[in-house]
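Below is one structure; the comments refer to it alone.
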Amino acid sequence: MTTNSRADLRAVTTALVTLLLLSSVPVALSQQTDPSWQPVNIVYLGDVHGKFEPCG
Amino acid sequence: MARRATFIDETWNLGQPVLMLDAGDLFGVRSRMEREQTRFLCELTREFGYDAIGLGEYDLNYGLAFLREMIQTYELPFTSANVRDAAGGKLILPEYLLVERGGAMFGICSVMDPAQSIMTMSAQEESFLIDDPATVLRDLLPRMRAAGAKTIVLLAHLGDTVSEELLKQVPGIDVCVVGHTQQPYRTERVVDQTAFLASSFEGRYVGRAECFFGTAGRLEAIDVTIGDLGKEVADDPVMVERVEAVKQKLELARLAARGPYQPVQGSADEKFLTERECRKCHQAVWEQLRTTPHSAALGTLARKGQSDSPECLVCHTTGYVHIGGYDDRPPGNTLGNVQCEACHGYGTEHSRDGKWAARARSSCVTCHDQQNSPNFDYETYWAKIKH
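In order, the protein sequences belong to chains B and G.
Going by the working numbering, the first residue of the first sequence is number 1, and it counts up by one from there.
Going by the working numbering, the first residue of the second sequence is number 1001, and it counts up by one from there.
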């Protein structure tokens, strides 16, 4: 009986998580397809002072 | 440079759009050799694919003509919104740049601190005006937005403190990359809704900020990585070969540039001991000489961009044409300025019979000749350094 309850609980939990994941998929996808949410990597330097390599 | 290449390649390989920025002072110090090194650096900078380069005072070290030559030859995207040619009153560089990246339109501008002094190697002929950054940006930002910029990026060659003050005075800047600073920020920093980035110290660090922008172009999220190029980044082997080849070429040019000023006088059996050794017994004399122009002779060359000019170094250093004398590399680089041994000779020849004083007296005219010191009179000049 206890085993069954645990199994039931696990099944319910799995279903809830699956439902949660499924419901979040469209949101994630909408962000992915929105070009404004595509990351841009800004690479930045400054004060190079003509150096090929750091001193020392 | 080889590690910088590795870090930048890694960023490109992430497969996301990349915006490459430099906050100014790309160029080297004022000397002819550094100018040649800078020329090579510009060649590589083009290959790295920069989108915008802010203007720092170093970038005018070799004059406006050299800067423009580099811009034209290597297609370098320099920009400055507040540095004008004093003669014509016009901005010397494009006021701002528009760059489309990853579906977003970036408006990128650069300002320099009016407190910074611009000294070119041709300083007598060129002078520049630096406008107040806040005034300039209040006028410029609306025009950049009207021209299509959604995200405003400021390359602030102002240092940390002045940049932070500026951001409080001028709202609407989304990303600020700080130059004229020695402090890299290892984590995300936000100042009044502006992402505040800095990675500096002569190329030791390079920064990468993964930025997410909203539909209005405003920054929504940011994740900063600072690459310490000291050890944790591997060398790019191809770049190592190229840099070494250029270094060898520069070294040959450096040696050849000495021309008739080769270190052949004196003796390999004697040594210059440097003023530090003389000071041990002659503290009072040393302190007196520290107040004379002799002790700052090399500095006057550096200010004029002549610190690698052999015809100048021969009189502004100690033992330049002597074996074991001044050189800009160790150990000879401890013999800068006109030290004791410039007049008295090798410290290992130290004598107490009066010969040293006689030698010093006769040595003055070696440099104080008709061309360089037409008013030289021993008694008058000796009075200035009497010890």
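A virtual CB, placed ideally from N, CA and C, is assigned to each residue, including glycine.
None of the values given here were measured: they were computed from a predicted structure.
According to DSSP, residues forming a beta bridge with residue i
{"i": "Phe-1078 (chain G)", "result": "G:Ile-1053"}
{"i": "Leu-1335 (chain G)", "result": "Leu-1335 (chain G) pairs with nothing; no bridge assigned."}
{"i": "Val-40 (chain B)", "result": "G:Cys-1211"}
{"i": "Cys-1176 (chain G)", "result": "G:Leu-1154 and G:Phe-1196"}
{"i": "Gly-1266 (chain G)", "result": "Its beta-bridge partners do not exist; DSSP assigns none."}
{"i": "Ala-1388 (chain G)", "result": "Outside the modelled stretch of chain G, which goes from 1001 to 1387, sits residue 1388 (chain G), for which no answer is possible."}
{"i": "Phe-1128 (chain G)", "result": "G:Asp-1085"}
{"i": "His-1322 (chain G)", "result": "G:Gln-1265"}
{"i": "Thr-1317 (chain G)", "result": "G:Gly-1336"}
{"i": "Gly-1227 (chain G)", "result": "G:Val-1206"}
{"i": "Met-1112 (chain G)", "result": "G:His-1157"}
{"i": "Val-1190 (chain G)", "result": "G:Ala-1195"}
Outcome for residue i when other beta-carbon atoms lying within 10 angstroms are tallied against a minimum of 16
{"i": "Arg-1204 (chain G)", "result": "buried"}
{"i": "Gly-1179 (chain G)", "result": "buried"}
{"i": "Gln-967 (chain G)", "result": "Here chain G comprises residues numbered 1001 to 1387, so residue 967 (chain G) is not present and cannot be evaluated."}
{"i": "Leu-1021 (chain G)", "result": "buried"}
{"i": "Tyr-1096 (chain G)", "result": "buried"}
{"i": "Glu-1188 (chain G)", "result": "exposed"}
{"i": "Thr-1291 (chain G)", "result": "exposed"}
{"i": "Pro-1077 (chain G)", "result": "buried"}
{"i": "Leu-1014 (chain G)", "result": "exposed"}
{"i": "Tyr-1185 (chain G)", "result": "buried"}
{"i": "Arg-1101 (chain G)", "result": "buried"}
{"i": "Gln-1306 (chain G)", "result": "buried"}
{"i": "His-49 (chain B)", "result": "buried"}
Test: residue i CB closer than 8 Å to a CB of chain B
{"i": "Arg-1101 (chain G)", "result": "yes"}
{"i": "Ile-1008 (chain G)", "result": "yes"}
{"i": "Leu-1014 (chain G)", "result": "yes"}
{"i": "Leu-1167 (chain G)", "result": "no"}
{"i": "Gly-1024 (chain G)", "result": "yes"}
{"i": "Cys-1176 (chain G)", "result": "no"}
{"i": "His-1180 (chain G)", "result": "yes"}
{"i": "Tyr-1058 (chain G)", "result": "yes"}
{"i": "Arg-1352 (chain G)", "result": "no"}
{"i": "Ala-1209 (chain G)", "result": "yes"}
{"i": "Met-1020 (chain G)", "result": "yes"}
{"i": "Ser-1163 (chain G)", "result": "no"}
{"i": "Pro-1017 (chain G)", "result": "yes"}
{"i": "Gly-1203 (chain G)", "result": "yes"}
{"i": "Met-1415 (chain G)", "result": "Nothing about residue 1415 (chain G) can be reported from this structure: the residues present for chain G run from 1001 to 1387 only."}
{"i": "Ala-1253 (chain G)", "result": "no"}
{"i": "Ala-1149 (chain G)", "result": "no"}
Within chain C, the residues that residue i reaches when beta carbons sit closer than 7 Å
{"i": "Glu-1034 (chain G)", "result": "Although the question refers to chain C, the structure presented lacks it and instead comprises the protein chains B and G."}
Exercise. Whole alpha helix (DSSP H) runs in the region 1083-1110 of chain G with 4 or more residues, listed along the chain?
Worked result: Whole alpha helix (DSSP H) segments, 4+ residues: zero.
Exercise. Would you call the region 1144-1156 of chain G and the region 1167-1182 of chain G touching, i.e. three or more CB-CB distances under 8 Å?
Worked result: Between the region 1144-1156 of chain G and the region 1167-1182 of chain G there are three or more inter-stretch CB-CB distances shorter than 8 Å, so the stretches are counted as touching.
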